[in-house]
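Same order as they appear, the protein sequences are chains A and B. Be aware that the first sequence starts at -8, since it is given in my numbering, and climbs by one per residue. Be aware that the second sequence starts at -8, since it is given in my numbering, and climbs by one per residue. Cβ atoms here follow ideal geometry from the backbone N, Cα and C, with glycine treated the same way. In this text, all values refer to a predicted model and were calculated from it rather than measured experimentally. See below for the structure under consideration.
There are 2 protein chains.
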Amino acid sequence: MSKHARPDRPIHDLLARRWSPYAFDDRPVSAEDALSLFEAARWAASSYNEQPWRFIAALRTDAAAFDKVLSCLVEANRQWAQHAGLLALGVIRTTFSRNDKPNRVALHDLGLAAANLTFEATARGLYVHQMAGIDPDAARRLFHVPEGHEVATAIAVGYRTPDSRLSGELRERETTPRARKALREFVFGDDWNEPAAFVPARVSGT
Amino acid sequence: MSKHARPDRPIHDLLARRWSPYAFDDRPVSAEDALSLFEAARWAASSYNEQPWRFIAALRTDAAAFDKVLSCLVEANRQWAQHAGLLALGVIRTTFSRNDKPNRVALHDLGLAAANLTFEATARGLYVHQMAGIDPDAARRLFHVPEGHEVATAIAVGYRTPDSRLSGELRERETTPRARKALREFVFGDDWNEPAAFVPARVSGT
Chain A
-8 MSKHARPDRP IHDLLARRWS PYAFDDRPVS AEDALSLFEA ARWAASSYNE QPWRFIAALR
52 TDAAAFDKVL SCLVEANRQW AQHAGLLALG VIRTTFSRND KPNRVALHDL GLAAANLTFE
112 ATARGLYVHQ MAGIDPDAAR RLFHVPEGHE VATAIAVGYR TPDSRLSGEL RERETTPRAR
172 KALREFVFGD DWNEPAAFVP ARVSGT
Chain B
-8 MSKHARPDRP IHDLLARRWS PYAFDDRPVS AEDALSLFEA ARWAASSYNE QPWRFIAALR
52 TDAAAFDKVL SCLVEANRQW AQHAGLLALG VIRTTFSRND KPNRVALHDL GLAAANLTFE
112 ATARGLYVHQ MAGIDPDAAR RLFHVPEGHE VATAIAVGYR TPDSRLSGEL RERETTPRAR
172 KALREFVFGD DWNEPAAFVP ARVSGT
């Protein structure tokens, strides 16, 4: 499978193996795996240990619950995410519970938790595809998400199936080689757009 | 060391080992490690593969550059972060480069990249402590961060030293047992505040 990262510097195998597929088969994700995924998210870092993340989650084995979460995705994402084994919405509490002041980094910390979940999934042979393409108003209405909280993302988790299941643009996306900026394009040092001193001039990317 | 996570469900050892110390010794982080840390960040997922993250980074072996980044932290963080081996500011581009529309999840995706960096650090025996307590205006001025970008976080990376280096409140924080919400408090199912069907009533936390 050619979608693994081809890092310019050694990185942990579970980071290199991660990518976001569109072709999920309908194989269920077990409750045991799901619990470990959210347990991994649980131990993420957060500002003042606020743990601002909330998830609304359903296994595909629980068809009614799964379809309810699925209905909160935009149509283009429903098309492929319906074959995932686990769907979740990522929600944040926008203020600190200790003083009700705005938590400027709540969305960032949801990202930390989601990355932990993804790492655990990869270790279990599962794939994760995160989405920003959701219908937050539908989610708020269907799940009674209270004020002070924002529905931010969706997360599909499941097993891969061959690309041949896909057609058209999704198949093209699935088979396009992965690309990333070079380190010197995003790791700066003394000034903006000036690579950090430890980044060799042509270490990474082309 | 009792600060490792005590998960209720099995999670990968590198996730359980991660925590955010205050007691760093002055041991340098090698350029080789630093490059792999940012390489790990590089391969994170992002909405439309925008890769909205930018880092302004310095090794402590490069004293002038290190002090410049350090000066962008709030005083309370400078106190302990000055002993880290690597300091970085986390910056986001707030719009998509392909169409200049707002990227609602840029901050989330910085979190995904920072978590990848953290995971790689843990695999290398390094510890990461992220901060929201920064002076974004100072950072913008000193590093000429352009419009359309926001300085969001800081990241300290280094080697641990015994707690005895710390005093007062920091020492207390360093030695307090870690706590997390129970799964049923943040993984919901059919409705808000109602645990997901696959979460046993008392699986997690107390």
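Classify A:R33: buried if its beta carbon has 16 or more other beta carbons within 10 angstroms, exposed otherwise.
In the first sequence, residue 33 of chain A corresponds to position 42, counting from 1. Classification for A:R33: buried.
Under 6 angstroms Cβ to Cβ from B:S195, same chain only, skipping five residues before and after it: list those, please.
Position 204 of the second sequence, counted from the first residue, corresponds to residue 195 of chain B. For B:S195, the predicted structure reports a pLDDT of 48, less than 50, and the residue's modelled location is therefore unreliable. The matter cannot be settled from this model.
Can you give me the C-alpha to C-alpha distance between A:A14 and A:R156, rounded to a whole angstrom?
In the first sequence, residue 14 of chain A corresponds to position 23, counting from 1. In the first sequence, residue 156 of chain A corresponds to position 165, counting from 1. Distance between the alpha carbons of A:A14 and A:R156 is about 7 angstroms.
When the distance is taken between beta carbons, is A:A145 closer than 7 angstroms to A:L98?
Indexing the first sequence from 1 puts residue 98 of chain A at position 107. Indexing the first sequence from 1 puts residue 145 of chain A at position 154. For A:L98 and A:A145, no; Cβs fall outside 7 angstroms.
Since A:H(-5) is in the beta strand (DSSP E), which residue starts that stretch and which ends it?
What you label residue -5 of chain A is simply residue 4 of the first sequence in a count that begins at 1. Element bounds for A:H(-5): n/a, residue is neither H nor E.
Measuring only the C-alpha atoms, how far is A:T197 from B:N90?
Walking along the first sequence from the start, residue 197 of chain A turns up at place 206. Walking along the second sequence from the start, residue 90 of chain B turns up at place 99. Bear in mind that a pLDDT of 44 at A:T197, under 50, signals an unreliable position, so the number given afterwards is only what the model happens to contain. Cα-Cα distance, rounded: 23 angstroms.
I want to verify the contact list: residues of chain A whose CB lies under 7 angstroms from the CB of B:L50, in sequence order.
Here the question's residue 50 of chain B lines up with position 59 in the second sequence. The answer, in chain order, is F189.
At what residues does the beta strand (DSSP E) containing B:V136 begin and finish?
Position 145 of the second sequence, counting from 1, holds the residue named residue 136 of chain B. No beta strand (DSSP E) contains B:V136, which DSSP labels as neither H nor E.
Give a yes or no on whether 7 angstroms exceeds the smallest Cβ distance from A:G180 to chain B.
What you label residue 180 of chain A is simply residue 189 of the first sequence in a count that begins at 1. Cβ-Cβ to chain B under 7 angstroms: yes for A:G180.
Within 10 Å of its beta-carbon, does A:T167 have 16 or more other beta-carbons around it, so buried, or fewer, so exposed?
Residue numbering aside, residue 167 of chain A sits at position 176 when the first sequence is read from its first letter. Exposed, by the Cβ-count rule.
Quick one: list the residues of chain B neighbouring A:G116, beta-carbon separation under 8 angstroms, in chain order.
Here residue 116 of chain A refers to the residue found at position 125 of the first sequence. Neighbours of A:G116 on chain B: none; closest Cβ ~13 angstroms, over 8 angstroms.
Can a CB atom of chain B be found closer than 7 angstroms to the CB of A:Q42?
Residue 42 of chain A sits at position 51 when you count from the first residue of the first sequence. Taking Cβ atoms only, chain B reaches closer than 7 angstroms to A:Q42, which makes this a yes.
Taking only three categories from DSSP, how would you classify A:H99?
To locate residue 99 of chain A, count along the first sequence from 1; it is residue 108. Three-state DSSP puts A:H99 in a helix.
Against B:L161, what residues of chain A qualify as contacts under a CB-to-CB distance less than 7 angstroms, listed in chain order?
The residue given as residue 161 of chain B occupies position 170 in the second sequence. Result: empty, since nearest Cβ-Cβ is about 15 angstroms, beyond 7 angstroms.
For B:D182, tell me which candidate among A:V148, A:L28, A:P137, A:A31 has the shortest Cα-Cα distance.
The residue given as residue 182 of chain B occupies position 191 in the second sequence. Of the listed residues, the one whose Cα sits closest to B:D182 is A:P137.
Taking 7 angstroms as the CB-CB limit, is B:W183 close to chain A?
Numbered from 1 along the second sequence, position 192 holds the residue referred to as residue 183 of chain B. True, the Cβ-Cβ gap to chain A drops below 7 angstroms.
In whole angstroms, what is the alpha-carbon distance linking B:I125 and B:A22?
Taking the first residue of the second sequence as position 1, residue 125 of chain B is located at position 134. Taking the first residue of the second sequence as position 1, residue 22 of chain B is located at position 31. About 24 angstroms.
Please check if any C-beta of chain A sits within less than 7 angstroms of the C-beta of B:Q73.
Here residue 73 of chain B is taken as the residue at index 82 of the second sequence, counted from 1. No, B:Q73 does not count as interfacial toward chain A.
For B:F87, which three-state DSSP category applies?
Indexing the second sequence from 1 puts residue 87 of chain B at position 96. Coil.
Can you grab the Cα-Cα spacing for the pair B:L78 / A:D58, in whole Å?
As a first step, residue 78 of chain B is located in the second sequence; it is residue number 87 there, counting from the start. As a first step, residue 58 of chain A is located in the first sequence; it is residue number 67 there, counting from the start. One C-alpha to the other measures close to 45 angstroms.
Have a look at A:I83 and A:A106 and give me their C-alpha separation to the nearest angstrom.
What you label residue 83 of chain A is simply residue 92 of the first sequence in a count that begins at 1. What you label residue 106 of chain A is simply residue 115 of the first sequence in a count that begins at 1. Distance between the alpha carbons of A:I83 and A:A106 is about 15 angstroms.
Suppose contacts are defined by Cβ-Cβ distances below 7 angstroms. Is A:S27 in contact with A:E163 by that definition?
One-based indexing of the first sequence puts residue 27 of chain A at position 36. One-based indexing of the first sequence puts residue 163 of chain A at position 172. Contact: no.
State the Cα-Cα distance for the pair A:G102 and B:P153, rounded to the nearest angstrom.
On the first sequence, residue 102 of chain A is found 111 positions in, with the first residue counted as 1. On the second sequence, residue 153 of chain B is found 162 positions in, with the first residue counted as 1. Distance between the alpha carbons of A:G102 and B:P153: 30 angstroms.
For the beta strand (DSSP E) containing B:Q121, name the first residue and the last one.
For the purposes of this step, residue 121 of chain B is taken as the residue at position 130 of the second sequence. Segment 118 to 122, the beta strand (DSSP E) holding B:Q121.
Taking only beta carbons into account, state which residues of the region 62 to 88 of chain B come closer than 7 angstroms to chain A, listed in chain order.
Going along the region 62 to 88 of chain B in chain order, one finds no residue with a Cβ nearer than 7 angstroms to chain A.
Mind checking who B:V82 pairs with in its DSSP beta bridge?
Counting from one through the second sequence, the residue named residue 82 of chain B turns up at place 91. Beta-bridge pairing links B:V82 to B:R45, B:V142.
Helix, strand or coil: which one does DSSP assign to B:F189?
Taking the first residue of the second sequence as position 1, residue 189 of chain B is located at position 198. Three-state result, B:F189: coil.
Give a yes or no on whether the C-beta atoms belonging to B:S62 and A:A36 are separated by under 7 angstroms.
Residue mapping note: residue 62 of chain B aligns to position 71 of the second sequence, counting from 1. Residue mapping note: residue 36 of chain A aligns to position 45 of the first sequence, counting from 1. Not closer than 7 angstroms, so no.
If you measure from the beta carbon of A:D16 to each beta carbon in chain B, is any gap under 7 angstroms?
Translated into the one-based positions of the first sequence, residue 16 of chain A becomes position 25. Output row for A:D16: interface = no.
Here's the rule: buried if 16 or more other CB atoms are within 10 angstroms of the residue's CB, otherwise exposed. What is A:D4?
Position 13 of the first sequence holds residue 4 of chain A. With fewer than 16 Cβ atoms within 10 Å of its Cβ, A:D4 is classed as exposed.
Using beta-carbon positions only, say whether A:A188 and A:G180 come within less than 7 angstroms of one another.
Locating residue 188 of chain A in the first sequence gives position 197, where the first residue counts as 1. Locating residue 180 of chain A in the first sequence gives position 189, where the first residue counts as 1. For A:A188 and A:G180, yes; Cβs fall inside 7 angstroms.
Which residues in the same chain have their Cβ closer than 6 angstroms to the Cβ of B:W198, if we skip the five residues on either side of it in sequence?
Since the displayed chain B opens at -8 and closes at 197, residue 198 of chain B lies outside it and no answer follows.
Report yes if the CB atom of B:A72 is closer than 7 angstroms to the CB atom of B:L64, and no otherwise.
Position 81 of the second sequence, counting from 1, holds the residue named residue 72 of chain B. Position 73 of the second sequence, counting from 1, holds the residue named residue 64 of chain B. Yes, they are a contact pair.
Rounded to whole angstroms, what is the Cα-Cα separation between A:G116 and B:E30?
Within the first sequence, residue 116 of chain A is the residue found at index 125, counting from 1. Within the second sequence, residue 30 of chain B is the residue found at index 39, counting from 1. Near 22 angstroms, if we compare the C-alpha coordinates of B:E30 and A:G116.
Less than 8 angstroms between C-beta atoms, sequence neighbours within five positions excluded: which residues of the same chain meet that for A:P1?
Residue 1 of chain A sits at position 10 when you count from the first residue of the first sequence. The answer is none, since no qualifying residue turns up.
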